[in-house]
Amino acid sequence: MHDVTCPYDRRKKVGSVLWTSKEQAQRAVDAAWAAFPRWDATPVAERAAILRRFAELMEEHMAELMALCSREGGKLLTDGVAEIREAVDFCRYYAAQAEEIFGEPIQLPGPTGESNELVMSGKGVFAAISPWNFPVAIFCGQMMAAAVAGNTVLAKPAEQTSIIAHRVVELLHQAGMPRDVVQLLPGDGPTVGSVLSGDSRITGVVFTGGTDTAQIINRSLAERQNAPLPTLIAETGGMNAMIVDSTALPEQVVNDVIHSAFQSAGQRCSALRVLYLQDDVADRVIEILKGAMDELHVGDPRDLGTDVGPVIDEEARENLQAHIDKLKGEGRLIAETKLDAAHTADGTFIAPTAFQIDGIETLEREQFGPILHIVRYKARELDAVIDSINGRGYGLTFGVHSRNESFAEDIARRIRVGNVYVNRDIIGAVVGVQPFGGQGYSGTGPKAGGPNYLPRFATEKTVTINTAALGGNASLLAMGDD
Numbered sequence: 001m002h003d004v005t006c007p008y009d010r011r012k013k014v015g016s017v018l019w020t021s022k023e024q025a026q027r028a029v030d031a032a033w034a035a036f037p038r039w040d041a042t043p044v045a046e047r048a049a050i051l052r053r054f055a056e057l058m059e060e061h062m063a064e065l066m067a068l069c070s071r072e073g074g075k076l077l078t079d080g081v082a083e084i085r086e087a088v089d090f091c092r093y094y095a096a097q098a099e100e101i102f103g104e105p106i107q108l109p110g111p112t113g114e115s116n117e118l119v120m121s122g123k124g125v126f127a128a129i130s131p132w133n134f135p136v137a138i139f140c141g142q143m144m145a146a147a148v149a150g151n152t153v154l155a156k157p158a159e160q161t162s163i164i165a166h167r168v169v170e171l172l173h174q175a176g177m178p179r180d181v182v183q184l185l186p187g188d189g190p191t192v193g194s195v196l197s198g199d200s201r202i203t204g205v206v207f208t209g210g211t212d213t214a215q216i217i218n219r220s221l222a223e224r225q226n227a228p229l230p231t232l233i234a235e236t237g238g239m240n241a242m243i244v245d246s247t248a249l250p251e252q253v254v255n256d257v258i259h260s261a262f263q264s265a266g267q268r269c270s271a272l273r274v275l276y277l278q279d280d281v282a283d284r285v286i287e288i289l290k291g292a293m294d295e296l297h298v299g300d301p302r303d304l305g306t307d308v309g310p311v312i313d314e315e316a317r318e319n320l321q322a323h324i325d326k327l328k329g330e331g332r333l334i335a336e337t338k339l340d341a342a343h344t345a346d347g348t349f350i351a352p353t354a355f356q357i358d359g360i361e362t363l364e365r366e367q368f369g370p371i372l373h374i375v376r377y378k379a380r381e382l383d384a385v386i387d388s389i390n391g392r393g394y395g396l397t398f399g400v401h402s403r404n405e406s407f408a409e410d411i412a413r414r415i416r417v418g419n420v421y422v423n424r425d426i427i428g429a430v431v432g433v434q435p436f437g438g439q440g441y442s443g444t445g446p447k448a449g450g451p452n453y454l455p456r457f458a459t460e461k462t463v464t465i466n467t468a469a470l471g472g473n474a475s476l477l478a479m480g481d482d
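With UniProt numbering as the guide, the letters of the sequence shown map in order to residues 1 to 482.
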């Protein structure tokens, strides 16, 4: 039994979770494998209807889900609202996409006397491994994409947010999703993961999380003996940067930087990690940034006056604090929000902090929290800056602030990332509007919430019929039977 406590007050117990054993995980694979043919044969309209009903139930239970996101995940109430809306958007978007993709076969061209069709169907059993930072939105997005495409799903939520996941799956089953089609497997990664990655009946894995973990999963799948090649869809970390030139508006820059770096306590895959400021404007931007950081309130996420809540757990807090202490020891501190012990002493809080560093290449890994690194650059060094960002190997999100339209367009063209944002913050991708996902160390693609996502969960089959062998067009011959 695994006890769960509140990130904002570790004295408070949220609940307990019974983790899945290897034997239970194996039985879940058995059930999912047996259910696949039936579910794949279910008309796509019925599958899509379940997603739409599920979306309605989440809207009806929004207050409850918001409260769980806050108590177990440490989310601000505003972040909770946005997350549930995103989960609802995923359901409705994928339902509509599925009806288009998995409805009638696609008619392909061919010579006279021949018909050609492309048919889409599910692959089999998908393992969906989701993160704690979006315990409803990403969790639902993964499950619903796989299921509406005709696959059965074994959902492995993050250890830190399994209670939220349990409630979400309850609502999904209430919406009509068969229990053997989507099964919840809470538990630790090594126990559940070893079953999911080692069983040859797992035909695909959709994963969101750290780059290192994605590489472990990839190696484990590749090492399976006498098994078909599985599909791996991974969205991983990012060393996300923003370039600000001398034409940018400092006040707008700071507003977008505050949101990008510190909203959700910096615990977003898309969050800003490295800010490049052209020398001409750097002092002014930093001056305004210091003032803005002084105004941030860190504390209980249930309080509407809170700007920054806790980080997810003590391990995360310790890792972030070690990085802060290291850079402070090197004399690199620029600004730090003050913590009020009366509001933060019993939780896992980290003060929003900004440091000056020499370049993105000096960072060993992503710091998944409210820590901003600032680099000054001269105009003549721009090419080197772009090379450094691209050379780091991550490619998730990127921002550019400039009133020079051609400058911004050139940067956007040259930077190798999945999502580029110009003159705005770099977080909050909208389903169907800004499909989300990266390249390089940041993921395999395709982009979640985009038109190319669902086909990755499907198998394509081409059916060719020689209609001339029947003495003519089969559809015309069939008319004579009426």
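Every residue gets a Cβ at the ideal spot worked out from N, C-alpha and C, and that includes glycine.
Euclidean distance between Cα positions of residue i and residue j
i	j	result
G450	V148	15 Å
G305	L229	50 Å
A51	R456	Here residue 51 turns out to be Leu, not Ala, going by the sequence shown. Their Cα atoms are separated by approximately 19 Å.
V433	Q367	28 Å
E136	L249	Just to set this straight, residue 136 is Val in the shown sequence, not Glu. Computed Cα separation, rounded: 36 Å.
R416	G395	6 Å
C140	G329	42 Å
D300	V192	33 Å
T337	D79	20 Å
V81	M62	7 Å
L57	A175	7 Å
Q252	M66	30 Å
P446	L454	9 Å
F36	R179	12 Å
R413	A241	15 Å
E318	A351	12 Å
A292	V254	8 Å
V29	E295	51 Å
T353	A48	45 Å
E104	N116	13 Å
R10	R380	50 Å
S388	V182	43 Å
I288	L232	44 Å
Q97	R284	47 Å
R365	A322	13 Å
D40	G122	6 Å
Closest residue to residue i among the options (Cα-Cα distance)
i	options	result
T236	R224, T211, I216	T211
N466	A351, G193, H61, P111	P111
G440	E381, Q215, K12, A87	Q215
R27	E460, D245, L196, K326	L196
C69	D340, I164, V14	I164
A87	R317, M143, I411	M143
K22	P105, K156, I411	K156
S264	G428, R47, L18	G428
E83	N419, T462, I258, W132	W132
Y377	G238, D279, G437	D279
V168	F134, D199, R201	F134
G124	I286, D3, A458, P370	A458
E314	R332, A345, R85, S246	A345
Exposure of residue i, with buried meaning 16 or more beta-carbon neighbours within 10 Å
i	result
M120	buried
V430	exposed
I243	buried
S260	buried
Q107	exposed
G399	buried
N151	buried
Q225	exposed
P43	exposed
A55	buried
D188	exposed
S16	exposed
D358	exposed
S406	exposed
N419	buried
Per-residue DSSP class, three states only, for residue i
i	result
E99	helix
L277	strand
H61	coil
I374	strand
N390	helix
S270	coil
H297	coil
M1	coil
L339	coil
N116	strand
Heavy atom of the ligand HEM within 7 Å of residue i beta-carbon
i	result
A87	The ligand content of the structure shown is nil, which means the ligand HEM is not present either.
What are the uninterrupted segments assigned as beta strand (DSSP E) that are 3 or more residues long and contained completely in the stretch 194-246, given in chain order?
-> Runs of the beta strand (DSSP E) inside the stretch 194-246: 202-208, 231-235, 241-244.
What alpha helix (DSSP H) runs, 4 residues minimum, are completely inside the stretch 8-60?
-> Every unbroken stretch of the alpha helix (DSSP H) spanning 4 or more residues and falling wholly within the stretch 8-60 is given here in chain order: 22-41, 44-60.
Any chance you could list the alpha helix (DSSP H) runs of at least 4 consecutive residues sitting entirely within the stretch 125-151, in chain order?
-> The qualifying runs are 137-148.
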